[in-house]
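Student: Protein chains in written order, with the numbering used here: chain A, 545 to 675; chain B, 215 to 366.
No residue lacks a Cβ here, since even glycine has one placed at the ideal position from N, Cα and C.
Starting off with a structure, shown below.
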């Protein structure tokens, strides 16, 4: 019985080790928010660079009208694709975060790497919805 | 009185000189296969509204009014048409990716339902282009139906 417990613990530990190594290497720890999938690195970018304005906590009505991250999963498939298309467009034009916001809060600026990761995620998500 | 006369003469001279600068209005071209209305994908009623209220900025078939040939309004019209075509060009609809088409339909729905489009400055000069409530609802409903149909 004790041997069985040890084997079980060893297998469980090995499983967790493999899982955490894979997650770390491929950055594939997915957060599921009402059906919408965000890899960990994307969730961090959205939370730190976009969410303040594009959520119910946001002070700008315009920003809330354009995009509410929390509402994204509840939109129809077509409007989810449209929203992702709009995200790609503002990233390509580098119009988000707005310069005014960056001026007040320099940390809000997206780095090239963050912008590229966010764009790839938006494009891949849109492509998956279009399949 | 003399000062007023001088100012008026200067303004008139400036206005005449302005007319010698290029108007730079974006060119038109005949509707081709890529044109949304020509494609026949729009119900007739929607096509009529879109042509009447949107095509003067969002297509390559702009009906340039008389004031678009006179500076400085010519430059303002040219700017609006250039920006309008960049955002959404119905004459190039068929060249957009499916994602871009759906994105533009969503933008169209938002602009129309919020009353942002057609631009007030445009409807001021073209009162017939102003969308009434029924027309706006028709466009909003059509954008949604069309986007959904594209995914089928």
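At 9 Å on the CB atoms, spell out the chain B contacts of residue 669 of chain A, in chain order.
Tutor: Chain B residues near residue 669 of chain A: none, gap ~11 Å exceeds 9 Å.
Student: Report yes if the C-beta distance between residue 608 of chain A and residue 600 of chain A is below 9 Å; otherwise report no.
Tutor: yes
Student: Can you round the beta-carbon distance between residue 321 of chain B and residue 332 of chain B to whole angstroms, since I take them to be within the 8 Å contact cut?
Tutor: About 14 Å; that fails the 8 Å criterion.
Student: Under a Cβ-count criterion, where at least 16 other Cβ atoms within 10 Å of its own Cβ denotes burial, should residue 338 of chain B be classed as buried or exposed?
Tutor: exposed
Student: Counting contacts by CB-CB distance shorter than 9 Å, is residue 320 of chain B in contact with chain A?
Tutor: Yes, residue 320 of chain B counts as interfacial toward chain A.
Student: Over the uninterrupted alpha helix (DSSP H) stretch that includes residue 298 of chain B, give me the two end residues.
Tutor: 287-301
Student: Under 7 Å Cβ-Cβ, which residues of chain B neighbour residue 613 of chain A?
Tutor: Chain B residues near residue 613 of chain A: none, gap ~16 Å exceeds 7 Å.
Student: Distance check for residue 286 of chain B and residue 362 of chain B, CA to CA, integer angstroms please.
Tutor: 43 Å
Student: Please check if any C-beta of chain B sits within less than 9 Å of the C-beta of residue 664 of chain A.
Tutor: For residue 664 of chain A, the answer is no, since every Cβ of chain B falls outside 9 Å of its Cβ.
Student: Output, in sequence order along the chain, the residues in the segment 616-646 of chain A whose CB is closer than 9 Å to any CB in chain B.
Tutor: With the criterion set as a beta carbon lying under 9 Å from some beta carbon of chain B, the members of the segment 616-646 of chain A are 620, 621, 622, 623, 625, 626, 627, 628, 629, 630, 632, 633, in sequence order.
Student: Whose CA, out of B:325, B:364, B:223, B:284, lies closest to the CA of residue 298 of chain B?
Tutor: B:325
Student: Kindly say whether residue 665 of chain A, judged by its beta-carbon, lies nearer than 9 Å to any beta-carbon of chain E.
Tutor: Here the protein chains are A and B, and chain E is not one of them.
Student: On the three-state DSSP scale, how would you describe residue 281 of chain B?
Tutor: helix
Student: Would residue 288 of chain B pass as a contact of residue 225 of chain B if the rule is Cβ separation under 9 Å?
Tutor: Not in contact: residue 288 of chain B and residue 225 of chain B (Cβ atoms no closer than 9 Å).
Student: Return yes when the Cβ of residue 222 of chain B is within less than 9 Å of the Cβ of residue 307 of chain B, no when it is not.
Tutor: no
Student: DSSP three-state label for residue 545 of chain A, please.
Tutor: Its pLDDT being 47, under 50, residue 545 of chain A is placed unreliably in this model, and the value from its coordinates should be taken loosely. Three-state result, residue 545 of chain A: coil.
Student: Exposed or buried, what is residue 671 of chain A when buried is set at 16 or more other beta-carbons lying within 10 Å of its beta-carbon?
Tutor: exposed
Student: Check whether the Cβ atoms of residue 319 of chain B and residue 626 of chain A lie closer than 9 Å to each other.
Tutor: yes
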